[in-house]
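Enquirer:
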Amino acid sequence: MRAKILLLAPLLGFLMIAYLLPFLGVVKLSFTDPILGINNYSSAVTDDLLINVVIRTFRICILVTVLSVIAAYTVTFLWLRGNKMTRFLVEVCIMVPFWISVLSRAFGWVGLLSNRGVLNSMLKSVGIDGLPFSMINSEIGVIIGMTHFLIPFAVFPLASSMKAIDERVLTAAVGMGASQRRIFWQIFVPMTKSGIIGAALLVFVFSMGFYIMPALLGGGKSVMIAELIYLRIFQIPQWGLAAAMSVILLAFVGGFLVMLIRRNGEEFK
Amino acid sequence: MKMFRTGPVLTAIGAVVSVFLMLPLLAVVPISFTSKRFLSMPNGNWSSKHYTNLITDPIWLESILVSLKVGLVAAALSTTLALLFALGIWMTRPRFSGTMIGVALLPMMAPPVVSALTLYFFLKDLSDINSLVGYDTWLGVALAHTVMVAPYAVVIIFVSLSAFDRKIDMAARSMGASVYTRMTQVVIPNIKFGIAGAFLLSFVLSWDEIGVTLFVSSVNAITLPRRMWMGLRDNVDPTVAALSVVILTIVSILIILRALHTNFGKRNT
Chain V
-9 MRAKILLLAP LLGFLMIAYL LPFLGVVKLS FTDPILGINN YSSAVTDDLL INVVIRTFRI
51 CILVTVLSVI AAYTVTFLWL RGNKMTRFLV EVCIMVPFWI SVLSRAFGWV GLLSNRGVLN
111 SMLKSVGIDG LPFSMINSEI GVIIGMTHFL IPFAVFPLAS SMKAIDERVL TAAVGMGASQ
171 RRIFWQIFVP MTKSGIIGAA LLVFVFSMGF YIMPALLGGG KSVMIAELIY LRIFQIPQWG
231 LAAAMSVILL AFVGGFLVML IRRNGEEFK
Chain C
389 MKMFRTGPVL TAIGAVVSVF LMLPLLAVVP ISFTSKRFLS MPNGNWSSKH YTNLITDPIW
449 LESILVSLKV GLVAAALSTT LALLFALGIW MTRPRFSGTM IGVALLPMMA PPVVSALTLY
509 FFLKDLSDIN SLVGYDTWLG VALAHTVMVA PYAVVIIFVS LSAFDRKIDM AARSMGASVY
569 TRMTQVVIPN IKFGIAGAFL LSFVLSWDEI GVTLFVSSVN AITLPRRMWM GLRDNVDPTV
629 AALSVVILTI VSILIILRAL HTNFGKRNT
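Going down the list, the sequences are from chains V and C.
When we follow my numbering, the leftmost residue of the first sequence carries the number -9, and every step to the right adds one.
When we follow my numbering, the leftmost residue of the second sequence carries the number 389, and every step to the right adds one.
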């Protein structure tokens, strides 16, 4: 009994003091700063700026989720079903970005897409001059950067569902004369449905909390909910509002996480 | 025998996605060799001065040191706390273990910006009581990182415990070994690779951490990612490119070696 407490208490106590209690403080702040009441929450549905941020967050996150799951599906397919050389190359292309910091990756996109960047220099050198265009500091930049960041995360759930497919089913379909395209769309994709939904939920949950990529690639023009929290703490201090946004974001993400965990729980049964 | 294979359309899209994944990482390479002090292509004037900058400029050197210190302390703390906690759950099988594991994994699942805000308030409060551990001190940052990386250490140690045969521990127990003896003589020696893995992952995650670091530090405790963030936000410093290339090279070598091993190594499958 004593051993039990001595082993479990350090981590739980530490998290209680450093994480759970301060979070309750954040919740309290959202109801008390600047004045007592629920006005921080009500302004999330009445303030035009906030409504815009929330709508933009959803728009970007849904688009990014769809794009990264489709992209991840194709690379996962190649990774698991290609020949040895393809598998090797694709594995490197998935794993290297996965382990590289979000800052280096954001820098890469700035270097590639900004008006003094690699892409414009190349266009200039082949004679297409006069239009230094910049794709960063815009919503497109944010979408590209976030999709790039999230593809490797979508690969893992997809890979585990593709690995679970019984190869004999596919062989049987070939034996009965189904075309390659038909096997893919009517057998392979439906059998990976759980992986697709799992990957989409995971990517969506991740994308909701993003603020590094939007801050670096959006140039302040496409602020998402997480970046707004940062700005409301460090630029225009409105702590109560930032706290309320955090609580809303956590509640929302929490709901999706429960769905994700329930789904995985069912698969194990 | 005819088989279900990757078709040309899927292969083409997969190849495009693979290139998309590597493109921004490779774009950093030419930029890192520019002779200018702002983001630009070398245009014939190749220079290694940004690499020299990395190891001679005291600003960058100091940030590397801060990151090392923070990473080592955070990794040591989180591995210790996670090890005790995982052993407690695994050996004593307490009631409510599901809930306790849920609490321990909370910082991994909550949106980073919410954790960041919470830890910001925690460290601000801590600063009121002492000047050593608190907001904008390296120990404070290490403490915040510990909260963020401990869940990953817990997961890694649980994974290695699940591969360890419980019967061995039960044998020790039936022969009258105390909890302490079972822990130090039986269980820990058998999961030492898991513990080392937890330490390594904790260190790497802390080394890369930016979301929380941005909230809990400002001018004194500047970790490497925070320095990169400043270099990116203010004037797009090519030193960030040089640093990215160094990290990219190390990561690529490790990933390529691993991929060579898994795809071309001797296997009986």
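The C-beta atom is built at its ideal place from N, Cα and C for all residues, glycine as well.
Note that the structure is predicted; figures quoted are calculated from it, not measured.
#1: State buried or exposed for L250/V, treating a residue as buried only when at least 16 other CB atoms are found within 10 Å of its CB.
#2: Am I right that F421/C and W434/C are in contact with their C-beta atoms under 8 Å? What's the rounded C-beta distance?
#3: When you compare the CB of P412/C with every CB in chain V, is at least one pair closer than 8 Å?
#4: Cβ closer than 9 Å: which chain C residues qualify as neighbours of P270/V?
#5: Where does I443/C sit, in a helix, a strand or coil, going by DSSP?
#6: Is D625/C helix, strand or coil when you go by DSSP?
#7: Ignore the nearest five residues each way along the sequence and tell me which others in P482/C's own chain have a CB closer than 8 Å to its CB.
#8: Quick one: give me the first and last residue of the alpha helix (DSSP H) that K183/V is part of.
#9: Helix, strand or coil for Q225/V per DSSP?
#10: To the nearest angstrom, report how far apart V535/C and W99/V are at their CA atoms.
#11: Can the beta-carbon of L239/V be found less than 8 Å from the beta-carbon of M203/V?
#12: Straight-line CA distance for T22/V to V243/V?
#13: With three or more C-beta pairs closer than 8 Å as the rule, is the region 609 to 625 of chain C touching the region 536 to 546 of chain C?
#14: Just tell me which of L589/C, I556/C, R554/C has its CA closest to the CA of G459/C.
#15: Classify I52/V as buried or exposed, calling it buried when 16 or more other Cβ atoms lie within 10 Å of its own Cβ.
#16: Given that I173/V touches chain C, what residues does it touch there, using C-beta distances under 8 Å?
#17: Does V164/V get closer than 8 Å to chain C when you measure Cβ to Cβ?
#18: Could one say the Cβ of N651/C lies closer than 8 Å to chain V's Cβ atoms, at least one of them?
#19: Does the CB of A234/V have a neighbour CB from chain C at under 8 Å?
#20: In chain order, which continuous runs of the beta strand (DSSP E) of length 3 or greater are located wholly inside the region 508 to 562 of chain C?
#21: So which residues on chain V does S519/C lean against when the C-beta distance must stay under 9 Å?
#22: Can you list the alpha helix (DSSP H) stretches of 4 or more residues lying completely in the region 74 to 124 of chain V, in chain order?
#23: Is it the case that the Cβ atoms of N30/V and A216/V are separated by a distance below 8 Å?
#24: Taking the alpha-carbon of V65/V as reference, which of P626/C, V604/C, A400/C, I638/C has the nearest alpha-carbon?
#25: Taking Cβ-Cβ distances shorter than 9 Å, what residues in chain C pair up with C51/V?
#26: What does M85/V reach in chain C if we use C-beta pairs closer than 8 Å?
#27: Within 10 angstroms of its Cβ, does L265/V collect 16 or more other Cβ (buried), or is it exposed?
#28: State the start and end residues of the unbroken alpha helix (DSSP H) segment that holds M497/C.
#29: So with Cβ pairs under 8 Å, would you call P500/C a contact of chain V?
#30: If you reduce the DSSP assignment to three classes, tell me which class M166/V lands in.
#31: Just the chain V side, please: which residues come within less than 7 Å of G476/C by C-beta, in chain order?
#32: Excluding five sequence neighbours on each side, which residues of the same chain lie with their C-beta closer than 7 Å to the C-beta of L505/C?
#33: Going straight from the alpha carbon of N651/C to that of F78/V, what length do you get?
#34: Tell me the rounded alpha-carbon separation between V35/V and T55/V.
#35: I need the boundaries of the alpha helix (DSSP H) containing D596/C, first residue and last residue.
#36: For N608/C, count neighbouring Cβ atoms within 10 angstroms of its own Cβ and tell me buried if that reaches 16, exposed if not.
Expert: With the given structure in hand:
#1: What you label residue 250/V is simply residue 260 of the first sequence in a count that begins at 1. Result: buried.
#2: Here residue 421/C refers to the residue found at position 33 when the second sequence is read from its first residue. Here residue 434/C refers to the residue found at position 46 when the second sequence is read from its first residue. About 5 Å separates the two Cβ atoms, so the contact holds.
#3: Indexing the second sequence from 1 puts residue 412/C at position 24. Yes, its Cβ sits closer than 8 Å to a Cβ of chain V.
#4: Nothing can be reported for residue 270/V, as the shown portion of chain V is limited to -9 through 259.
#5: The residue you call residue 443/C lines up with position 55 of the second sequence. Helix, per DSSP.
#6: In the second sequence, counting from the first residue as 1, residue 625/C sits at position 237. Three-state result, D625/C: coil.
#7: In the second sequence, counting from the first residue as 1, residue 482/C sits at position 94. G476, M488, listed in sequence order.
#8: Along the first sequence, read from residue 1 onward, the residue named residue 183/V stands at position 193. From DSSP, the alpha helix (DSSP H) with K183/V extends over 183 to 198.
#9: Numbered from 1 along the first sequence, position 235 holds the residue referred to as residue 225/V. Three-state DSSP puts Q225/V in coil, outside helix and strand.
#10: Within the second sequence, the letter at position 147 stands for residue 535/C. Within the first sequence, the letter at position 109 stands for residue 99/V. Going from the Cα of V535/C to the Cα of W99/V covers about 31 Å.
#11: Within the first sequence, numbered from 1, the residue matching residue 239/V stands at position 249. Within the first sequence, numbered from 1, the residue matching residue 203/V stands at position 213. No, the pair does not count as a contact, with Cβ atoms beyond the cut-off.
#12: Indexing the first sequence from 1 puts residue 22/V at position 32. Indexing the first sequence from 1 puts residue 243/V at position 253. Approximately 24 Å, taken between the alpha carbons.
#13: In this structure the region 536 to 546 of chain C does not lie against the region 609 to 625 of chain C, because fewer than three pairs of beta carbons, one per stretch, are closer than 8 Å.
#14: Within the second sequence, the letter at position 71 stands for residue 459/C. The shortest C-alpha to C-alpha distance from G459/C to any of L589/C, I556/C, R554/C is the one to L589/C.
#15: For this step, residue 52/V is matched to residue 62 along the first sequence. Sixteen is the threshold: since fewer than 16 other Cβ atoms of the shown chains lie within 10 Å of the Cβ of I52/V, the residue is exposed.
#16: Counting from 1 along the first sequence, the entry for residue 173/V is found at position 183. F392, listed in chain order.
#17: For the purposes of this step, residue 164/V is taken as residue 174 along the first sequence, with counting starting at 1. With 8 Å as the cut-off, V164/V counts as an interface residue toward chain C.
#18: Walking along the second sequence from the start, residue 651/C turns up at place 263. Yes, its Cβ sits closer than 8 Å to a Cβ of chain V.
#19: On the first sequence, residue 234/V is found 244 positions in, with the first residue counted as 1. The beta-carbon of A234/V is placed no less than 8 Å from the nearest beta-carbon of chain C.
#20: Taken in chain order, the region 508 to 562 of chain C contains no complete beta strand (DSSP E) segment of 3 residues or longer.
#21: The residue given as residue 519/C occupies position 131 in the second sequence. The contacting residues do not exist; S519/C stays about 18 Å from chain V at best.
#22: The region 74 to 124 of chain V contains these whole alpha helix (DSSP H) runs: 74 to 89, 92 to 103, 108 to 115.
#23: One-based indexing of the first sequence puts residue 30/V at position 40. One-based indexing of the first sequence puts residue 216/V at position 226. Inclusion of N30/V and A216/V in the CB contact set at 8 Å is not warranted, their separation being larger than that value.
#24: What you label residue 65/V is simply residue 75 of the first sequence in a count that begins at 1. Looking at the Cα atoms, A400/C is the closest of the given residues.
#25: Working through the first sequence from its first residue, we reach residue 51/V at position 61. At a C-beta separation below 9 Å, C51/V has no neighbours in chain C, since its nearest C-beta there lies roughly 12 Å away.
#26: Here residue 85/V refers to the residue found at position 95 when the first sequence is read from its first residue. Simply I643, R646, A647.
#27: Limits of chain V in this structure are -9 at one end and 259 at the other, which puts residue 265/V out of reach.
#28: Your numbering for residue 497/C matches position 109 in the second sequence. Bounds of the alpha helix (DSSP H) holding M497/C are 485 to 497.
#29: Indexing the second sequence from 1 puts residue 500/C at position 112. At least one C-beta of chain V is nearer than 8 Å to the C-beta of P500/C.
#30: Here residue 166/V refers to the residue found at position 176 of the first sequence. Of the three classes helix, strand and coil, the one that applies to M166/V here is coil, per DSSP.
#31: Residue 476/C sits at position 88 when you count from the first residue of the second sequence. Residues of chain V passing the Cβ test: K(-6), L(-3), L(-2).
#32: For the purposes of this step, residue 505/C is taken as residue 117 along the second sequence, with counting starting at 1. The beta carbon of L505/C sits closer than 7 Å to those of F603, all from its chain and outside the five residues before and after it, given in chain order.
#33: Your numbering for residue 651/C matches position 263 in the second sequence. Your numbering for residue 78/V matches position 88 in the first sequence. Rounded to the nearest angstrom, the two C-alpha atoms are 6 Å apart.
#34: Counted from its first residue, the first sequence places residue 35/V at position 45. Counted from its first residue, the first sequence places residue 55/V at position 65. Pairing V35/V with T55/V, the inter-Cα distance amounts to about 25 Å.
#35: Position 208 of the second sequence holds residue 596/C. Annotation for D596/C: the continuous alpha helix (DSSP H) segment containing it runs 580 to 596.
#36: On the second sequence, position 220 is the one that residue 608/C refers to. N608/C comes out exposed.
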